[in-house]
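Just below is one structure, and these are the notes that go with it.
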Amino acid sequence: MLDIKLIRENVDIVRKRLASRNASEEKFVDEVLSLDDQRRKLLAEVEQLKATRNRVSKEIGALMGQKKLEEAEAKKKETRDMGDRVAELDKQVAEVELKRDGILISLPNLPHESVPIGKSFEDNPEIRVWGEKPKFDFQPKNHIELGESLKMLDFARATKLSGSGFILYTHWGAKLERSLIQFLLDLHTTDHGYIEVAPPHVVGPHCLEGVGQFPKFKDQYYGVVEGDRPDAMGKLYLIPTAETPVANIHREEILSAQQLPIRYCAYTPCFRGEAGAAGVGTRGMIRVHQFDKVELIKIVKPEDSYAELESMTANAEKVLQLLGLHYRVLLLCTGDMGFASAKTYDIEVWAPGQGDYLEVSSCSNCEDFQSRRMNMRFKTETGENKMPHILNGSGTALARLFVAFVETYQQPDGSIKIPPILQPYLKTDRISA
RNA sequence: GGAGAGGUGGCUGAGUGGUCUAAAGCGACGGUUUGCUAAACCGUUGUACGAUUAACAUCGUACCGGGGGUUCGAAUCCCCCCCUCUCCGCCA
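According to our numbering, the first sequence is numbered sequentially starting from 145.
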């Protein structure tokens, strides 16, 4: 959520930056300002009225104490209809406030000034490339062929269980998935200094609103209903990412400056409705309704957040470097960024069987956009309450990492070679039929 | 799921319609004293919104789990919801 004071004081900048997002939200800025103006006028009026009422009520109390009942009655009459007027104005304030905040909460974050202006993914500059595309002296298979021939993935039976868009890992497939998860958690907790947390996989709507997934993208998420009770709809949702519960851990808290930075790392499954994406390129495990992910979350002081974004991105890249997978890093342009983000790097890993790069990580600095929605603050050394900056990054998404991994390490005989770094987890150097 | 008890400031805890719109204690911070520490004493000690102001600041309003109601006036009375604890039932 944007700071209403920022909008009041820098209308032109806000309007211009919103416009650069290619989402035409800037037209709501004037409406917000007009509602905000109304609210302040009403507030001034009702508060003055309340001040008078409080004063007279106190006088009545004093008179009652002195047993001057007639004088007290007279004063009561005087203020009797003041209550109605106060109630009326209170109602108006609440209505205007609701409208104002309804718009505010639907406005995306402002892009950071270092973010290039652009319309779509085609305008995202490539920041750096690591490694190179592996060469094969045979026709490389894709992960679907490999997964089925090595009995690591069973797409037909997954569909039988849950419909399209779900994965059934079997035998070495399940072990590889689990090994990758554990490798990632060990790396980030041991080498990169993150604290591991294991959050609920189901959260209330306030958590989705806190990170900016609600109210704009409601149809993307799975709701959970307890038993056969449609009336319970809207109370709980399956998490689309660990960011949702983990970023909300300290919501409505005032942290101390000494606690920052907080760096959390969490493995969870992620559930996504992917409404509107069905039917296009959905075969395999590149776009699915459920996938595993190890997520990184940071809560930091504002002055540190851009340095922390760089190190978080480096932490995610380290995963691919250690696994020996070729990747590139893109800086998302203004038109391609997520709702809550002020600056985002995407990391795309090369998948030989696809002949394409796959997004396995997205590292974003949301600045104070989320902390304001969550009312998360920290007390500075000078005793002032400020909103911390919140960052999130995949470290990394698993299903696509799995794809790139098996496609990169496939051998001419159809087996998969396991690089030394994963061997202690998988307890083998090769997966074969 | 059933029954009961609760939810008050950083913490403990008093407060069942008005007289400072939260007593007292603890903790924390500042000061006095002190060779240093401790003790003692004195003082300070929340959050948000708004108005005035160049600013320091001053004033106002709201907040006692959340929301609604009664009243001139609600932490206090009434209604709904949420959460915690104890016991019972069910259960991985």
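Yeah, the Cβ is synthetic: ideal placement off N, Cα and C, and Gly gets one too.
Note that the coordinates shown come from a computational prediction; the quantities given were computed from them, not determined experimentally.
Any idea if residue i is buried or exposed, counting beta-carbon neighbours within 10 angstroms, 16 or more meaning buried?
i	result
residue 320	buried
residue 488	buried
residue 456	buried
residue 526	exposed
residue 560	buried
residue 213	exposed
residue 350	exposed
residue 156	exposed
residue 567	exposed
For the beta strand (DSSP E) that contains residue i, what are its first and last residues?
i	result
residue 488	487 to 495
residue 523	521 to 523
residue 507	500 to 509
residue 386	That residue, residue 386, is in no beta strand (DSSP E); it is neither H nor E in DSSP.
residue 471	471 to 475
residue 539	533 to 541
Can you give me the Cβ contacts of residue i inside the same chain, cut-off strictly under 7 Å, excluding the 5 residues immediately before and after it?
i	result
residue 424	Only weak support exists for where residue 424 lies, its pLDDT of 47 falling under 50; the value from the coordinates is given anyway. If we look at residue 424 and ignore the five residues flanking it on each side, it has no Cβ neighbours.
residue 108	Outside the displayed range of the chain (145 to 577) lies residue 108, so it cannot be described from this structure.
residue 416	364, 384 and 433
residue 329	340, 409, 411 and 438
residue 209	none
residue 337	407
From residue i to residue j, what does the alpha carbon distance come to, in whole angstroms?
i	j	result
residue 145	residue 250	8 Å
residue 504	residue 481	16 Å
residue 327	residue 454	22 Å
residue 297	residue 151	51 Å
residue 218	residue 188	27 Å
residue 562	residue 470	16 Å
residue 301	residue 167	41 Å
residue 288	residue 371	36 Å
residue 279	residue 147	51 Å
residue 427	residue 309	8 Å
residue 315	residue 550	15 Å
residue 492	residue 509	18 Å
Could you have a look at residue i and say whether DSSP puts it in helix, strand or coil?
i	result
residue 267	helix
residue 272	strand
residue 314	coil
residue 580	Limits of the chain in this structure are 145 at one end and 577 at the other, which puts residue 580 out of reach.
residue 331	helix
Can you give me the start and stop residues for the alpha helix (DSSP H) that residue i sits inside?
i	result
residue 351	349 to 355
residue 434	Residue 434 -> not in any alpha helix (DSSP H); beta strand (DSSP E) instead, spanning 434 to 444.
residue 459	449 to 467
Between residue i and the rest of its own chain, which residues show a CB-CB distance below 6 Å, the 5 nearest in sequence each way excluded?
i	result
residue 159	170 and 173
residue 396	519
Spatial neighbours of residue i within its chain, please: C-beta separation below 8 Å, excluding the five flanking residues on both sides.
i	result
residue 558	285, 290, 293, 294, 576 and 577
residue 543	311, 429, 430, 432, 435 and 436
residue 400	522 and 523
residue 405	442, 443, 444, 445, 448 and 452
residue 387	355, 439, 441 and 536
Say yes only if the C-beta of residue i is nearer than 8 Å to one or more non-hydrogen atoms of the ligand FAD, and no if none qualify.
i	result
residue 503	Ligands are entirely absent from the displayed structure, and the ligand FAD is therefore not among its contents.
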